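One structure is given here, and the rest of the page talks about it.
There are 4 protein chains.
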Amino acid sequence: MAGMDPLALDELVTANRILAREGIVDAFGHVSVRHPGHPDRFCLSRARAPECIEASDVMQFALDGTPIEPAGRKPYAERFIHGAVYDARPDVRAVVHNHSPGVIPFGVTGVPLRPIMHMCASMGTEIPVWDSRTSFGDTNLLVTNAAMARDLASALGPRSVALMRGHGCVVAGASLREVVFNAIYLELNAVLQQRAGALGEIRFLSDGEVRAVLDTRTSFTFERAWEYWCQRAGRPYDERPMEGPLART
Amino acid sequence: MAGMDPLALDELVTANRILAREGIVDAFGHVSVRHPGHPDRFCLSRARAPECIEASDVMQFALDGTPIEPAGRKPYAERFIHGAVYDARPDVRAVVHNHSPGVIPFGVTGVPLRPIMHMCASMGTEIPVWDSRTSFGDTNLLVTNAAMARDLASALGPRSVALMRGHGCVVAGASLREVVFNAIYLELNAVLQQRAGALGEIRFLSDGEVRAVLDTRTSFTFERAWEYWCQRAGRPYDERPMEGPLART
Amino acid sequence: MAGMDPLALDELVTANRILAREGIVDAFGHVSVRHPGHPDRFCLSRARAPECIEASDVMQFALDGTPIEPAGRKPYAERFIHGAVYDARPDVRAVVHNHSPGVIPFGVTGVPLRPIMHMCASMGTEIPVWDSRTSFGDTNLLVTNAAMARDLASALGPRSVALMRGHGCVVAGASLREVVFNAIYLELNAVLQQRAGALGEIRFLSDGEVRAVLDTRTSFTFERAWEYWCQRAGRPYDERPMEGPLART
Amino acid sequence: MAGMDPLALDELVTANRILAREGIVDAFGHVSVRHPGHPDRFCLSRARAPECIEASDVMQFALDGTPIEPAGRKPYAERFIHGAVYDARPDVRAVVHNHSPGVIPFGVTGVPLRPIMHMCASMGTEIPVWDSRTSFGDTNLLVTNAAMARDLASALGPRSVALMRGHGCVVAGASLREVVFNAIYLELNAVLQQRAGALGEIRFLSDGEVRAVLDTRTSFTFERAWEYWCQRAGRPYDERPMEGPLART
């Protein structure tokens with residue numbers, strides 16, 4: 003793809019395959035990365051199941067969702083989610099939108115999702131639930147235009163995660179490896195919180211503990227997980243230190 | 003098979019393999035398609051586990067369940083389900099009967115199954131539960147004659163799904179790809195509704211939201227999922243636009 | 003093995019592999035068959051995980067658990083379970099003992115396991131729970147002698163299934179294919195009954211429905227499932243009609 | 003690795019792969035063994051996901067966590083857990099630290115984990131929950147120094163298992179094969195106890211039954227399970243009797 007390093011492209015393909023292998027996406031859901039050289043663009047596959055995506059499927063989009071050199075490829079209807087988050091959040095370099103099964107029950111009941119173990123602290127202490135019906139009424143729930151996407155990005159605010167009622171969630175991160183990590187451990191947190199809540203009252207991580215996890219976490223945590231997920235997804239692991247906007251924090 | 007396009011045959015084999023791979027059927031359960039050239043016939047495998055089915059297993063049946071050119075092959079005892087639905091519903095071109103594990107608990111408790119997320123809206127807003135015992139008393143619960151099948155088809159009415167108490171469900175669609183999609187997301191809805199209901203009161207999709215999903219859904223949704231499921235089932239993905247009665251809506 | 007048809011031996015190996023593949027046994031649990039030519043003997047592997055068993059592992063035992071031609075092979079400590087059931091039940095030609103995860107919760111809570119769907123009716127309408135502690139006090143719970151095994155067989159009585167508190171269950175059948183079928187669908191029933199009970203009051207199969215399933219079931223039901231499970235376990239499917247004591251009912 | 007038998011090294015790699023295959027560890031969690039020839043050292047991989055570990059990743063550590071011949075390899079931040087347990091417990095020859103999903107809910111709710119079936123009796127009758135916050139306040143919950151590790155080892159006391167609130171657990175054993183067995187059946191016990199508790203009041207193993215299991219258990223139990231887990235993990239099974247500190251009890 004013009005202007006994008008082949009290794010960065012491969013990394014986006016790998017992110018798709020990992021999310022599929024780990025059950026975070028099925029035929030639906032998507033992951034994007036802010037363009038390393040053009041911060042006003044993002045890279046996202048054409049509309050295709052993440053498990054099937056190849057490097058040639060990756061397209062570039064302006065932040066308003068307009069495809070750049072589409073070459074006849076059909077984009078995801080919900081690409082606006084990604085653009086609106088990149089637009090509102092200069093710190094975000096990667097975005098996942100998914101409907102993983104553990105997360106859905108929290109979005110439709112209003113039970114607050116909170117960090118239950120250290121690995122899941124990246125989701126933060128407060129996770130909002132965005133309901134498309136509040137501002138947009140009866141729709142097909144898909145975020146298919148800039149107005150809905152801006153409303154969702156506004157609910158996300160400065161956080162890493164927002165749930166979407168009857169739909170799924172959006173997860174933001176400072177790198178692809180971080181956002182994939184966050185999406186996978188968000189799902190695990192949801193599953194564990196449901197189980198623990200059925201047993202009794204949960205002692206969640208304190209706000210201070212969450213802050214301590216976030217303050218001491220290094221990119222090595224993401225690397226260790228990435229190598230493992232690459233192996234499970236049958237993808238080569240690229241351990242090169244990366245430079246530029248895609249570098250691991 | 004006489005009078006059936008090899009590609010349409012392959013598609014029916016693929017539908018069987020996908021339903022097995024995704025856990026919708028085990029050794030039992032079946033999927034049929036209305037004959038593309040003869041709307042008064044349907045195509046269904048001989049009595050065999052869906053995971054094992056080959057093109058040569060596919061038989062043709064009249065809508066009353068009579069096999070056409072059986073050639074010594076043993077038909078499913080419950081083929082009457084398919085015939086009765088095709089007979090009552092000219093709009094239906096594919097039928098699944100299955101016992102997927104998420105669905106059974108709803109059929110035996112009377113808790114209404116309702117759409118919990120956008121992907122599952124195809125099941126509709128009201129899902130009836132048919133109990134063979136109401137009209138037929140103590141049986142082995144199998145729908146092995148035209149009278150039982152007509153009674154079930156009547157409970158289904160104009161809907162996409164009916165549950166069968168202590169047995170499973172029947173799912174109807176306008177194409178094979180749609181009916182497979184509906185059966186898989188029905189199972190997901192059941193699993194998610196059970197989990198969410200254990201957390202608290204569920205805010206289901208509104209009737210308006212369900213209508214909006216159904217009104218805006220295009221065949222591309224089924225295609226994207228079909229490619230993914232083909233890959234998981236180890237089957238080639240046929241992306242040819244299909245003509246005639248099997249065409250995607 | 004002396005006096006045993008190679009095909010019958012293969013079938014016992016396949017039964018072990020299927021039970022492992024379907025999650026009914028892990029490293030522990032075992033399945034036996036009454037010797038086709040010597041009804042006062044049964045065939046059972048040496049003490050080994052079912053997933054690893056080969057034909058050369060199969061030993062013969064007298065009904066009191068004495069190994070015949072052990073050739074240095076170590077028998078299962080709990081082989082007495084099998085002998086006692088064959089001794090008490092001339093109609094039984096195959097026995098499974100396992101600890102499958104869905105079943106354990108029913109054995110330790112006393113919640114009666116009852117048939118929730120037609121596929122699971124083979125377990126019967128009443129499933130007793132045997133507690134080794136009642137007659138034998140504090141033991142390691144293993145059934146390692148004839149007295150305990152006779153007590154368990156007596157609790158089983160004329161039924162297909164008995165649960166063992168804090169341990170697992172014993173399943174009896176008229177053939178290997180039937181007993182494997184019964185063990186797999188017993189586990190499924192337990193999982194589904196747990197889920198349904200969490201939703202609301204369950205409408206179980208009536209006694210008349212269970213009788214109707216048992217009265218109308220033919221060996222073809224077991225064959226269809228057996229072919230499927232063979233394929234999943236990577237074992238050849240032998241569709242030969244079998245003669246003698248191993249014949250399918 | 004200097005001073006370590008290649009077969010013992012292979013056994014540690016296999017232990018890592020088994021724990022990954024059985025879902026006890028994901029990218030995180032680790033298993034160590036006391037050095038066979040130097041009881042004041044332990045062997046543990048460099049910081050890497052267990053599924054990816056090779057023999058060349060294994061490092062040696064003094065009991066205070068100091069790496070011996072690190073050769074540029076990055077150690078696990080939590081290696082102190084292992085050292086403190088070996089220091090406090092001369093009987094322990096292998097340690098697992100993990101965050102398996104069934105265990106987490108018990109650590110955060112205070113519901114006591116108790117043996118529900120004979121296979122799980124190795125966990126003992128009383129399992130303490132250690133909370134890092136009690137003595138160390140708001141941390142990132144990682145046990146990254148000797149003071150925290152000693153506190154945890156003290157909570158473990160003479161037992162096989164201690165839970166860690168919002169984090170996971172530590173499991174100790176007399177051999178690698180025993181500790182892997184204990185970690186796997188601890189997870190199973192947690193899953194089954196959660197399910198059984200949802201059904202009704204649980205009749206746990208009595209203290210006398212737990213003692214009887216522990217008193218009569220032989221190393222053969224671990225061998226039978228190890229062969230099975232090796233096969234599932236794609237690792238060769240070494241059935242040689244081992245000599246020295248690694249010998250099976």
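Residue numbers (the numbering used here), protein chains in the order written: chain A, 3 to 251; chain B, 3 to 251; chain C, 3 to 251; chain D, 3 to 251. In this text, a Cβ means the ideal position worked out from N, Cα and C, and glycines have one as well. Remember, it's a predicted structure, so these values are computed and weren't measured experimentally.
Taking the straight line between their C-alpha atoms, what separation do you get for Ile70/D and Ala155/D? The residue given as residue 70/D occupies position 68 in the fourth sequence. The residue given as residue 155/D occupies position 153 in the fourth sequence. About 23 Å.
Assigned secondary structure, Thr251/B (DSSP; H/G/I helix, E/B strand, else coil): If you number the second sequence from 1, residue 251/B lands on position 249. Summary for Thr251/B: the model assigns pLDDT 33, below 50, so the residue's position carries little reliability; its value from the coordinates is reported in the next sentence. Coil, per DSSP.
Under 8 Å, Cβ to Cβ, is there at least one residue of chain C near Met125/D? Within the fourth sequence, the letter at position 123 stands for residue 125/D. Judged by the 8 Å Cβ criterion, Met125/D is not in contact with chain C.
Find the nearest neighbour of Gly31/C within the set Arg213/C, Ala57/C, Ala79/C and Trp231/C, judged by alpha-carbon distance. In the third sequence, the residue the question calls residue 31/C occupies position 29. Nearest of Arg213/C, Ala57/C, Ala79/C and Trp231/C to Gly31/C, Cα basis: Ala79/C.
Taking just the CA atoms, how far does Val182/A sit from Cys171/C? Position 169 of the third sequence holds residue 171/C. Position 180 of the first sequence holds residue 182/A. Answer to the nearest angstrom: the Cα atoms are 42 Å apart.
For chain D, find out if any of its Cβ atoms is closer than 8 Å to the Cβ of Arg250/C; answer yes or no. Position 248 of the third sequence, counting from 1, holds the residue named residue 250/C. With a pLDDT of 34 at Arg250/C, under the threshold of 50, the predicted position of this residue should be treated as unreliable, though the coordinate-derived value follows. Chain D contact via Cβ: absent.
Below 8 Å CB to CB, which residues in the same chain sit around Ala86/D once its five sequence neighbours on both sides are set aside? Your numbering for residue 86/D matches position 84 in the fourth sequence. Same-chain partners within the cutoff: Leu65, Ala148, Ala151, Arg152, Leu154 and Ala155.
Does Glu241/B have its Cβ less than 8 Å from a Cβ in chain C? Here residue 241/B refers to the residue found at position 239 of the second sequence. No, Glu241/B lies away from the interface with chain C (no Cβ there is under 8 Å from its Cβ).
Under the DSSP definition of a beta bridge, which residues are partnered with Cys171/D? The sequence position of residue 171/D within the fourth sequence is 169, counting from 1. Cys171/D is bridged to Asn100/D and Leu165/D.
Since Ser34/C and Ala96/C are thought to touch, with beta carbons under 8 Å apart, how far apart are those beta carbons, to the nearest angstrom? Within the third sequence, the letter at position 32 stands for residue 34/C. Within the third sequence, the letter at position 94 stands for residue 96/C. Indeed, because the Cβ distance is near 7 Å, the residues count as touching under 8 Å.
Within 8 Å of any Cβ in chain C, is that where the Cβ of Ile106/B sits? Position 104 of the second sequence, counting from 1, holds the residue named residue 106/B. Judged by the 8 Å Cβ criterion, Ile106/B is in contact with chain C.
Using 8 Å as the cut-off, can you tell me whether the segment 110 to 124 of chain D makes contact with the segment 189 to 208 of chain A, which would need three or more C-beta pairs spanning the two stretches below that distance? yes
At a Cβ threshold of 8 Å, is Met150/C touching chain B? Walking along the third sequence from the start, residue 150/C turns up at place 148. So, not an interface residue.
Just list the residues that DSSP pairs Trp132/C with in beta bridges. Reading the third sequence from its first residue, position 130 is the one you call residue 132/C. Answer is Met166/C.
Can you name the start and end residues of the alpha helix (DSSP H) that Arg213/A belongs to? Locating residue 213/A in the first sequence gives position 211, counting from the first residue. From DSSP, the alpha helix (DSSP H) with Arg213/A extends over Asp209 to Thr218.
For chain D, find out if any of its Cβ atoms is closer than 8 Å to the Cβ of Val193/A; answer yes or no. Locating residue 193/A in the first sequence gives position 191, counting from the first residue. Yes, because at least one Cβ of chain D sits closer than 8 Å to the Cβ of Val193/A.
Any residues in the segment 195 to 220 of chain B with a beta carbon nearer than 7 Å to a beta carbon of chain A? Which ones, in chain order? Arg197, Ala198, Ala200, Leu201, Gly202, Glu203, Ile204, Arg205, Leu207, Ser208, Gly210, Glu211, Ala214, Val215 and Thr218
Going straight from the alpha carbon of Ile129/A to that of Asn191/A, what length do you get? Residue mapping note: residue 129/A aligns to position 127 of the first sequence, counting from 1. Residue mapping note: residue 191/A aligns to position 189 of the first sequence, counting from 1. Ile129/A and Asn191/A: Cα-Cα distance of roughly 12 Å.
Comparing the C-beta of Glu229/C with each C-beta of chain B, is any distance below 8 Å? Locating residue 229/C in the third sequence gives position 227, counting from the first residue. Yes, its Cβ sits closer than 8 Å to a Cβ of chain B.
According to DSSP, is Ala64/B helix, strand or coil? On the second sequence, position 62 is the one that residue 64/B refers to. The answer is strand: DSSP assigns Ala64/B an E or B state.
Counting contacts by CB-CB distance shorter than 8 Å, is Phe30/B in contact with chain C? Against the second sequence, residue 30/B aligns to sequence position 28. Yes, Phe30/B lies at the interface with chain C (some Cβ there is under 8 Å from its Cβ).
Once you ignore the five residues that flank Val94/D on each side, which residues in its own chain have a CB closer than 8 Å to its CB? Residue 94/D sits at position 92 when you count from the first residue of the fourth sequence. Answer for Val94/D: Arg36, Val87, Tyr88, Ala174, Gly175 and Ala176, listed in chain order.
Need the endpoints of the beta strand (DSSP E) that His32/B sits in, please. As a working note, residue 32/B is residue 30 in the second sequence. Where His32/B is concerned, the enclosing beta strand (DSSP E) stretches over His32 to Arg36.
Taking a cut of 7 Å between CB atoms, which residues from the segment 47 to 67 of chain A lie near chain B? Ala49, Arg50, Ala51, Glu53 and Cys54
Using a Cβ-Cβ cutoff of 9 Å, what residues of the segment 92 to 118 of chain A are near chain D? List them in chain order. Pro117 and Ile118
Any idea which residues DSSP pairs Arg75/A with across the strands? As a working note, residue 75/A is residue 73 in the first sequence. Looking at the DSSP assignment, Arg75/A forms no beta bridge with any residue, so it has no partner.
Closer than 8 Å to chain D by CB, His37/A: Position 35 of the first sequence, counting from 1, holds the residue named residue 37/A. Output row for His37/A: interface = no.
Establish whether the CB of Asp140/C and some CB of chain D are separated by less than 8 Å. In the third sequence, counting from the first residue as 1, residue 140/C sits at position 138. Yes, because at least one Cβ of chain D sits closer than 8 Å to the Cβ of Asp140/C.
Could you give the DSSP three-state label for Ile83/C: helix, strand or coil? By one-based count along the third sequence, residue 83/C stands at place 81. Helix.
Is Leu165/D closer than 8 Å to Val212/D when the C-beta atoms are compared? Within the fourth sequence, residue 212/D is the residue found at index 210, counting from 1. Within the fourth sequence, residue 165/D is the residue found at index 163, counting from 1. No. Outside cutoff.
How many angstroms separate the CA atom of Asp133/D from the CA atom of Ile186/D? Position 131 of the fourth sequence holds residue 133/D. Position 184 of the fourth sequence holds residue 186/D. Whole-angstrom Cα-Cα distance: 22 Å.
If we cut at 8 Å on Cβ distances, does Arg226/A have a partner in chain D? By 1-based counting over the first sequence, the position of residue 226/A is 224. It does: the Cβ of Arg226/A has a partner Cβ on chain D nearer than 8 Å.
Which listed residue (Met6/C, Glu13/C and Ser58/C) has its alpha carbon closest to that of Pro238/C: As a working mapping, residue 238/C is identified with position 236 in the third sequence. That would be Glu13/C, whose Cα lies nearest to the Cα of Pro238/C.
Segment contact flag, the segment 16 to 26 of chain D with the segment 45 to 62 of chain D, C-beta cutoff 8 Å, min 3 pairs: yes
Determine the chain B residues that contact Met121/C at a beta-carbon separation under 8 Å, and present them in chain order. Here residue 121/C refers to the residue found at position 119 of the third sequence. Going along chain B in sequence order, the residues near Met121/C (Cβ under 8 Å) are Phe30 and His101.
Buried/exposed call for Glu241/A, threshold 16 Cβ in 10 Å: As a working mapping, residue 241/A is identified with position 239 in the first sequence. So Glu241/A counts as exposed.
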